[in-house]
Ligand SMILES: CC(C)(COP(=O)(O)OP(=O)(O)OC[C@H]1O[C@@H](n2cnc3c(N)ncnc32)[C@H](O)[C@@H]1OP(=O)(O)O)[C@@H](O)C(=O)NCCC(=O)NCCS
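Numbering (the numbering used here), first residue to last: 12 to 161.
Okay, here's the thing in structure tokens:
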């Protein structure tokens with residue numbers, strides 16, 4: 012499905028800070044304003060994460076996907092993790108999310124990743140991903156937070 016008129020997908024840059032953190036806000040993710048610039052500068056130049064941004068004709072972010080990838084013992088090779096996939100609410104159901112996901116999967120194929128993992132807790136997102144070839148692992152994600160970095 013083609014992207015809606017005027018929407019294009021490009022690599023995210025440092026200057027996209029406001030768009031990126033607004034989109035993450037729609038996922039309920041809040042990063043302290045004082046940390047946003049340095050975190051984004053590090054991430055957009057890091058070799059093991061790629062951030063793609065869908066932008067409107069005014070270059071405002073309307074959708075985002077981030078693909079982090081690294082070697083792992085468990086899959087016996089490189090594995091990727093999509094840690095954010097979001098399209099701003101008014102722009103949903105126009106094919107932008109599918110395009111972002113397809114670009115991320117194409118990149119994972121190019122990098123030789125053996126699998127791509129994504130945390131989908133919402134029922135609707137699970138159905139959406141199931142229709143795009145993702146299978147549930149039955150494993151629950153557990154997280155340890157380093158209080159020294161907070
Ligand atoms: C999940 C999410 C990223 C999908 O983004 P999106 O841009 O709405 O996705 P798409 O438009 O590509 O597809 C959504 C549905 O709209 C349908 N659709 C796409 N274009 C359409 C159009 N022009 N007219 C009507 N329906 C359309 C698609 O068929 C798809 O339905 P399907 O799953 O039955 O195939 C978005 O809903 C979102 O940000 N959700 C909140 C965050 C979230 O849950 N993230 C977890 C990631 S799974």
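Quick reminder that beta carbons are idealized off the backbone N, C-alpha and C, glycines included.
Could you name the residues of the same chain whose beta carbon sits closer than 6 Å to that of residue i, not counting the 5 residues immediately before and after it, in chain order?
| i | result |
| --- | --- |
| residue 105 | 15 |
| residue 57 | none |
| residue 73 | 65, 67, 99 and 102 |
| residue 137 | 131 |
For residue i, collect the residues of the same chain with a Cβ closer than 7 Å to its Cβ; drop the 5 residues on either side in sequence, then sort them by chain order.
| i | result |
| --- | --- |
| residue 162 | Any property of residue 162 remains undetermined from this structure, which presents the chain solely from 12 to 161. |
| residue 48 | 28 |
| residue 17 | 67 and 68 |
| residue 118 | 61 and 78 |
| residue 38 | 95 and 97 |
So does residue i have its beta carbon nearer than 7 Å to some heavy atom of ligand 1?
| i | result |
| --- | --- |
| residue 18 | no |
| residue 49 | no |
| residue 109 | yes |
| residue 103 | yes |
| residue 136 | yes |
| residue 127 | no |
| residue 63 | no |
| residue 140 | yes |
| residue 115 | no |
| residue 66 | no |
Checking the sheet assignment: what are the DSSP bridge partners for residue i?
| i | result |
| --- | --- |
| residue 92 | 79 and 128 |
| residue 21 | 64 |
| residue 86 | None; residue 86 has no bridge partner. |
| residue 97 | 75 |
Using the Cβ count rule (16 or more neighbours within 10 Å means buried), how would you classify residue i?
| i | result |
| --- | --- |
| residue 144 | exposed |
| residue 30 | buried |
| residue 63 | buried |
| residue 115 | buried |
| residue 150 | exposed |
Go through its chain and collect everything with a Cβ distance to residue i's Cβ below 8 Å, but skip five positions before and after it.
| i | result |
| --- | --- |
| residue 124 | 80, 88, 89, 90 and 91 |
| residue 45 | none |
| residue 86 | 125 and 126 |
| residue 42 | 32, 35 and 50 |
Taking 7 Å as the cut-off, is the C-beta of residue i nearer than that to any heavy atom in ligand 3?
| i | result |
| --- | --- |
| residue 96 | Absence of ligand 3 is noted for the structure shown, with ligand 1 being the only ligands found. |
Task: Continuous beta strand (DSSP E) assignments of at least 3 residues falling wholly in the segment 27–83 - done: Runs of the beta strand (DSSP E) lying entirely within the segment 27–83, each at least 3 residues long, are 60–66 and 72–83 in chain order.
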